[in-house]
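Novice: Top line first, the protein sequences correspond to chains A and B.
Residues in the first sequence are numbered consecutively from 334, following this note's numbering.
Residues in the second sequence are numbered consecutively from 139, following this note's numbering.
Virtual Cβ for every residue (Gly too), placed ideally from N, Cα, C.
Model, not experiment: these values are computed from the prediction.
Please see the structure below; I have some questions.
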Amino acid sequence: MLDTVLFYIFAVMVLLGGILTITRRSAVHSAISLIVSLLGVAGLYLLQQAEFLFAVQIVLYVGGIMLLFLFVIMLVNLDLAAKERQFNRQWLVALAAVAAMGAEIGYFLYRGKDAFHIAEGAAGAVASALGNTEQIGDSLFSEYLLPFEIASLLLLVAVVGSVVMAKKRI
Amino acid sequence: MPVSSFASSLDMARFLPELILTIAGTLLMVLDPVIHKRSSSLFGHLSILALLAGIGGALYGYAHRGPAFGGLLMVDGFATFFTVLVMVVGILTVLPSYKFLQREDAETSEFHALLLFSVAGQCIMASANELIVIFIGLEISSIASYVMAGYLRDDKRANEAALKYFLLGSFATAFFLYGVALIYGATGTINLSAVRAVILGPNAPAPVFIGVAAAIMFVGLAFKVSAAPFQIWAPDVYQGAPTPVSAFLSAGPKAAAFAVFLRIFMTAFEPIAGGWVPLVWICALLSMTVGNFAALLQTNVKRMLAYSSIAHAGYVLVALTAQSEVGTAAAMFYLAGYAFMNVGAFAVVSHLSGRGEKYQDIESFKGLAQKQPLTAAMLTIFLLSLIGVPLTGGFFGKFYIFKAALESHLVWLTVLGLLNSAVAAYYYLRILVMMYMHEPGEAVRDIEPLTPSLGLALILPAIGTLFLGIFPGWVLDFAGKSSNLLK
């Protein structure tokens, strides 16, 4: 019962935050609405017993990435952009996309949970004595050690790349 | 569980090429402040050394072949073939870039470091047997290439190239990742062999989900190999990027992406081949036709080579359509031959284009044979190979691909493909006519003498092209032995 109530609270946060993000004229307002939306997603993770994702969502997205967003918004002069027309009126494309999306959602509501086959392995892994965080740590540092390590190479390339692009002189 | 069981010394031996390249790349950047002479070509020497060591590492890994890191990597003949191929492409990219970087006054360690990282990413792609490792390798290779495409930041065209490549490339990677997520949701695993087992097993998920996932991943990969209808980015990017980088983009990332293509579709998705073969058939035909006919209209050589590379991606897709081990071997052989001839052709363009790359027009080749007969002769070999004339690697590449296609009863695709190669001959021959039957133009009068590194950059691929054309058996045997992918 409590779960259901919480789910609806978080879901409303996600949706309302999302709608506000794309409708506000001021970039700062949009960014703050996005924070609300991301917090709602974090709550949904918690309801699914994914404590690790919950923490990561708050620390990385709400804390780190949104802060950077706000910094960029404040550094870049957006006054001019705020006065300009903010929508490109592609009604036809938008209508088609909404209709397709609506049809998809309708189909899934009609079929219920049988509509999508979720593999046993993926769902079964959650039910274990260990907590979610321990499980993720375990598989990251044993089974998935290699992807975890080469992800650091990916980050190194991204850092070097952005420095090369931003340096004054080659 | 002790961690060491997941990274034994054998695992490390099989991961040796990637380790060498990563360490060398990092070392280059650390050395940068120590080396004061900015015009030093030491970085180039070091990267060539690293790539040679990487090839040695790959061969050592091949001697100890097998799965590594609990099946995340699969070091087999197929992986080693592509690992060595992308490292050779790396060497052939460094060679013309000595002169290029000096000419543009842009010599830094980062250029070479990014090149090494990109090659390392491609090595990971070549040997990965799990979708998440493939994805990370793909991203390492791609992000490094985006930056290399925009390396000359003050050049408007290079900026345009980098931005287009980055935006469209990220979009394509997102598609690929979406497919990976669907596969995980539907099968509960992302290991290619395990995915295959689930699809064939009793609890197989509804085919529609696997089909959708395969289609989405196909879109992502088709973008990376610049196959029509996902080829729009290629001409702009190849034209705007520094010419040695264009050479690299047209051979290295493409070969690695095809390696991933072949591995995923010939192992995990082989059971649903009936679904994807018609799709690849259309894509192959479109790529050949769009590439060749658009190339006819180009006056800029780099754009022309870009369209020709789209057409060549089409030929390789014909081999994939054949969906057989013979087809896989033919694709491997073709990609090796294509790497040599295309990188060589781009090296000539880089040599001729001059400071600021102002001579990119087909007219600039006028009279090249009179001024520099060696350069003209080398370019002739590359162009004849691109056409597919006997005694060159390009001929046997096309021959084996269409043979594989015929064995799989793809008669119409073969006929249309052969007609296409006839069309292609026209635009390649146009350059030959310019070189041999005209008086020297402005570009040729301005041309600088060949430096030793540039000479090597022309002669090595020419030797490679002729070797594949005269003794194709050696490489083809290896490809044939390795085309039997683990399922």
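How about the region 471-480 of chain B and the region 436-455 of chain B: do they share at least three Cβ pairs that are nearer than 8 Å?
Specialist: Enough Cβ pairs lie closer than 8 Å, so yes.
Novice: Please name the residue or residues paired with Glu268 (chain B) in a DSSP beta bridge.
Specialist: Bridge partners of Glu268 (chain B): B:Asn329.
Novice: Since Ala188 (chain B) contacts Leu254 (chain B) with CB under 8 Å, what's their CB separation in whole angstroms?
Specialist: Yes, Ala188 (chain B) and Leu254 (chain B) are in contact; Cβ-Cβ is about 6 Å, under 8 Å.
Novice: With a 10 Å radius around its C-beta and 16 neighbouring C-beta atoms as the bar for buried, classify Ser485 (chain A) as buried or exposed.
Specialist: Label assigned to Ser485 (chain A): exposed.
Novice: Nearest by alpha-carbon distance to Ser283 (chain B): which of B:Gly208, B:Pro391, B:His183, B:Thr466 is it?
Specialist: Of the listed residues, the one whose Cα sits closest to Ser283 (chain B) is B:Pro391.
Novice: At what residues does the beta strand (DSSP E) containing Gly204 (chain B) begin and finish?
Specialist: Here the beta strand (DSSP E) through Gly204 (chain B) covers 204-206.
Novice: Using CA coordinates, which residue listed in B:Gly228, B:Leu180, B:Ala151 is at the minimum distance from Leu598 (chain B)?
Specialist: Of the listed residues, the one whose Cα sits closest to Leu598 (chain B) is B:Gly228.
Novice: Name the chain A residues whose beta carbon is nearer than 9 Å to that of Ile281 (chain B)?
Specialist: Going along chain A in sequence order, the residues near Ile281 (chain B) (Cβ under 9 Å) are Leu487, Val490, Ala491, Gly494.
Novice: Quick one: Cα of Gly326 (chain B) to Cα of Ile585 (chain B), how far?
Specialist: Each residue's Cα considered, the two are about 59 Å apart.
Novice: In chain order, which continuous runs of the alpha helix (DSSP H) of length 4 or greater are located wholly inside the region 520-570 of chain B?
Specialist: DSSP runs (the alpha helix (DSSP H)) wholly in the region 520-570 of chain B: 531-545.
Novice: Leaving aside the five residues before and after Ser388 (chain B) along the sequence, list all residues of the same chain whose C-beta is less than 6 Å from its C-beta, in chain order.
Specialist: Excluding sequence neighbours, Ser388 (chain B) sits near Ser447, Asn480.
Novice: List, from N- to C-terminal side, the alpha helix (DSSP H) runs of 4 residues or more that fit wholly inside the region 213-283 of chain B.
Specialist: Taking only runs of at least 4 residues, the alpha helix (DSSP H) segments lying wholly in the region 213-283 of chain B are 215-241, 247-265.
Novice: Indicate whether Leu443 (chain B) and Val486 (chain B) have their beta-carbon atoms separated by less than 8 Å.
Specialist: Cβ atoms of Leu443 (chain B) and Val486 (chain B): not closer than 8 Å.
Novice: What number of angstroms, rounded off, separates the C-alpha of Leu473 (chain B) from the C-alpha of Phe399 (chain B)?
Specialist: Distance between the alpha carbons of Leu473 (chain B) and Phe399 (chain B): 13 Å.
Novice: Where do the N-terminal and C-terminal ends of the alpha helix (DSSP H) with Phe368 (chain B) fall, by residue?
Specialist: Per DSSP, Phe368 (chain B) belongs to no alpha helix (DSSP H) and is neither H nor E.
Novice: Using a Cβ cut-off of 7 Å, pull out every chain A residue sitting near Ala251 (chain B), in sequence order please.
Specialist: Simply Val493.
Novice: With 8 Å set as the bound, which would you pick, yes or no: does the beta-carbon of Glu277 (chain B) sit closer than that to a beta-carbon of chain A?
Specialist: Yes, contact with chain A.
Novice: Of the residues that make up the region 157-170 of chain B, which ones have a beta carbon closer than 9 Å to any beta carbon in chain A?
Specialist: Going along the region 157-170 of chain B in chain order, one finds Thr160, Gly163, Thr164, Met167 with a Cβ nearer than 9 Å to chain A.
Novice: Which whole-angstrom value describes the C-beta separation of Phe313 (chain B) and Ile354 (chain B), a residue pair presumed to lie in contact below a C-beta threshold of 8 Å?
Specialist: Right, the Cβ-Cβ distance comes to about 5 Å (below 8 Å), so this counts as a contact.
Novice: Under 7 Å Cβ-Cβ, which residues of chain B neighbour Ala484 (chain A)?
Specialist: By Cβ distance, chain B contributes Ile274.
Novice: So with CB distances below 7 Å, who are the chain A contacts of Ala82 (chain B)?
Specialist: As displayed, chain B neither begins before 139 nor continues past 625, which places residue 82 (chain B) out of reach and without an answer.
Novice: Excluding sequence positions up to five away, which residues of its chain have a Cβ less than 7 Å from the Cβ of Met498 (chain A)?
Specialist: Answer for Met498 (chain A): no residue qualifies.
Novice: Buried or exposed: Met434 (chain A), going by 16 or more other Cβ atoms within 10 Å of its Cβ?
Specialist: When all chains shown are included, Met434 (chain A) counts as exposed.
Novice: Have a look at the DSSP bridge pairing and note the partners of Leu211 (chain B).
Specialist: Leu211 (chain B) is bridged to B:Ala206, B:Ala266.
Novice: For the candidate residues B:Phe181, B:Arg152, B:Leu154, B:Thr221, whose alpha-carbon lies nearest to that of Leu165 (chain B)?
Specialist: Selected option, being the one with the closest Cα: B:Phe181.
Novice: Please list, in chain order, the residues of the region 233-251 of chain B that have any C-beta partner in chain E closer than 7 Å.
Specialist: This model lacks chain E altogether; the protein chains it does include are A and B.
Novice: Could you give the DSSP three-state label for Asp499 (chain B): helix, strand or coil?
Specialist: Asp499 (chain B): strand per DSSP, three-state reduction.
Novice: Going by beta carbon distance, what residues of the same chain come within less than 7 Å of Thr466 (chain A), once the five residues before and after it are set aside?
Specialist: Excluding residues within five positions, the ones whose Cβ falls inside 7 Å are Glu384, Phe385.
Novice: Pull up the CB-CB distance for Gln390 (chain A) and Leu371 (chain A), whole angstroms please, since I reckon it's below 8 Å.
Specialist: The pair is a contact, with the Cβ atoms about 7 Å apart (cut-off 8 Å).
Novice: By how many angstroms is the C-alpha of Pro511 (chain B) removed from the C-alpha of Ala427 (chain A)?
Specialist: Taking the straight line joining both Cα atoms gives about 59 Å.
Novice: Does the Cβ of Ile483 (chain A) have 16 or more other Cβ atoms within 10 Å, making it buried, or fewer, making it exposed?
Specialist: So Ile483 (chain A) counts as buried.
Novice: Measure the C-alpha to C-alpha separation of Met470 (chain B) and Leu276 (chain B) and round it to an integer number of angstroms.
Specialist: About 19 Å.
Novice: Near Ala394 (chain B), which residues of its chain fall below 7 Å by C-beta distance, leaving aside the five closest residues on each side in sequence?
Specialist: Hits under 7 Å: Phe220, Val224, Gln260, Met263, Ala264, Ser279.
Novice: Since Gly555 (chain B) and Tyr453 (chain B) should fall inside the 8 Å C-beta cutoff, what is the C-beta to C-beta distance between them, to a whole number of angstroms?
Specialist: Rounded, the Cβ-Cβ distance is 7 Å, consistent with contact.
Novice: With 8 Å as the threshold, decide whether the Cβ of Leu479 (chain A) is near any Cβ in chain B.
Specialist: It does: the Cβ of Leu479 (chain A) has a partner Cβ on chain B nearer than 8 Å.
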